[in-house]
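Before any comments, here is the structure.
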Amino acid sequence: MCFDMRSCDFRSVALSSVALLAGIEFYQGQLLLGGVVGALASLVRHDTLENISSEAVPLALTALAKLTKEHPPTASELVQLQVLPRLLTILKHGVPAWSATAAQLLHAMLKSDSHVAQEVSKQVVWGQEGQLVPSSLELLELGAVHHHADTVVGALRLLEVLLRSGGAAADGVLEQQGMRLMVQVFTSTANDSRVAGAAAATLATALEVDPGAAEGLVAQGLVPAVMKELRC
0 MCFDMRSCDF RSVALSSVAL LAGIEFYQGQ LLLGGVVGAL ASLVRHDTLE NISSEAVPLA
60 LTALAKLTKE HPPTASELVQ LQVLPRLLTI LKHGVPAWSA TAAQLLHAML KSDSHVAQEV
120 SKQVVWGQEG QLVPSSLELL ELGAVHHHAD TVVGALRLLE VLLRSGGAAA DGVLEQQGMR
180 LMVQVFTSTA NDSRVAGAAA ATLATALEVD PGAAEGLVAQ GLVPAVMKEL RC
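In terms of numbering that gives the first Met the number 0, the sequence shown opens at residue 0 and continues consecutively.
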């Protein structure tokens with residue numbers, strides 16, 4: 000695998016790294032991941048977005064999310080490698096395939112341990128100044144309109160991160176448009192359990208953060224939708 004970021008075929012790096020991940024489970028955590036994580040992080044942090052293959056970045060983000068879930072210390076390493084600011088940039092860049100996978104990686108990092116969660120939350124709150132909340136809602140709406148499940152799930156996971164981060168970011172998600180979109184996704188995706196589950200988890204987080212949001216959710220028809228799901 001070529002890890003020289005100045006002369007490397009980014010798509011080859013991403014594809015090779017993703018292929019390598021398939022064998023990680025056989026090593027039962029004994030594989031040294033530093034080289035792979037560093038190379039993928041370098042690809043994600045690359046400054047000239049227009050020079051990167053459109054396929055390479057989401058593949059790298061997916062690989063890092065998988066590593067983070069299966070090897071939690073990866074999250075701390077990614078924080079040290081300054082990947083978080085890049086994730087926020089990608090999320091605000093507006094490319095659905097990149098934003099969805101970036102949201103999945105951010106979600107995986109948040110769940111890894113409390114120290115990393117605090118660092119992610121601090122940077123996410125800072126990122127709200129860059130219109131991260133509206134971008135996330137736009138991503139959710141775009142994915143719903145085009146029936147792109149990965150984009151919808153990625154956006155929902157990011158909204159859950161924003162809700163848990165508190166402050167202005169959470170308030171932005173809890174506004175009427177955000178709640179309306181989440182209810183709409185939940186009520187219109189009964190045939191896709193993965194999307195419906197992600198929507199339900201995000202709505203549950205919203206109620207956990209702000210119990211007063213229940214009144215608005217009831218007004219938007221959430222209770223009949225939940226009862227319908229329970230009867231299925």
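Backbone N, C-alpha and C define an ideal beta-carbon position, used for all residues, glycine too.
task = Give the range of the alpha helix (DSSP H) segment to which S164 is assigned.
result = Start and end: A148 to S164.
ask   = What span of residues does the alpha helix (DSSP H) with A143 cover, start to end?
value = Its alpha helix (DSSP H) spans residues L131 to V144.
task = Please name the residue in P72, T201, L80 and E69 whose C-alpha comes closest to that of L39.
result = Relative to L39, the option among P72, T201, L80 and E69 whose CA is nearest is L80.
task = Kindly list the residues whose CB is nearer than 6 Å to the CB of G28, restricted to its own chain and excluding five residues on each side of it in sequence; keep chain order.
result = At G28, the pLDDT of 44 sits below 50, so the modelled position is not reliable and the matter cannot be decided from this model.
query = From which residue to which residue does the alpha helix (DSSP H) around V56 run?
reply = Its alpha helix (DSSP H) spans residues A55 to E69.
task = Would you kindly check if the distance between the Cβ of A168 and the Cβ of A107 is under 7 Å?
result = Contact flag unset, no.
request  = Express the C-alpha separation of A213 and I89 in angstroms, rounding to a whole number.
outcome  = Distance from the CA atom of I89 to the CA atom of A213, rounded to whole angstroms, is 32 Å.
inquiry  = For the structure I just gave you, are there three or more beta carbon pairs, one from the segment 191-210 and one from the segment 155-164, closer than 8 Å?
reply    = With a cut-off of 8 Å, the segment 155-164 and the segment 191-210 count as touching, because enough Cβ pairs lie within range.
ask   = Who are the Cβ neighbours of L105 in its own chain at under 7 Å, not counting the five residues just before and after it?
value = If we look at L105 and ignore the five residues flanking it on each side, its Cβ neighbours are L86, V119, L157 and V160.
query = Pick from H147, A203 and E207: whose alpha carbon is nearest that of S98?
reply = Distances from the alpha-carbon of S98 to those of H147, A203 and E207 put H147 closest.
query = Got a sec, what are the start and stop residues for the alpha helix (DSSP H) Q81 sits in?
reply = Taken as a continuous stretch (DSSP letters only), Q81 belongs to no alpha helix (DSSP H), as it is neither H nor E.
key: DSSP-derived helix/strand/coil call for S98   = DSSP places S98 within a helical segment (H, G or I) once states are collapsed to three.
ask   = Given S135, which residues of its chain have a CB within under 6 Å of its CB, disregarding the five upstream and five downstream residues?
value = The beta carbon of S135 lies closer than 6 Å to those of A154, L157 and L158 in the same chain, with the five residues before and after it left out.
task = Measure the CB-CB distance between M181 and L202 and report whether it falls below 7 Å.
result = Yes. Within cutoff.
request  = May I have the straight-line CA-CA distance separating V82 from G37, to the nearest angstrom?
outcome  = Taking the CA atoms as reference points, V82 sits about 10 Å from G37.
request  = With DSSP collapsed to three states, give me the class of D209.
outcome  = In this structure, D209 counts as coil in the three-state DSSP scheme.
key: Option nearest M178 by Cα separation, candidates D209, L141 and S41   = Out of D209, L141 and S41, D209 has the C-alpha closest to the C-alpha of M178.
Alpha-carbon to alpha-carbon, G166 and S255 = As displayed, the chain neither begins before 0 nor continues past 231, which places residue 255 out of reach and without an answer.
inquiry  = I need the straight-line Cα distance from V78 to T186, nearest angstrom please.
reply    = Near 36 Å, if we compare the C-alpha coordinates of T186 and V78.
ask   = Would DSSP call S187 helix, strand or coil?
value = Collapsing the DSSP output to three states places S187 in coil.
E174, buried or exposed, once every other Cβ within 10 Å from all chains shown has been counted against 16 = That one is exposed.
query = Which of helix, strand or coil does DSSP assign to D112?
reply = Annotated three-state conformation of D112 is coil, per DSSP.
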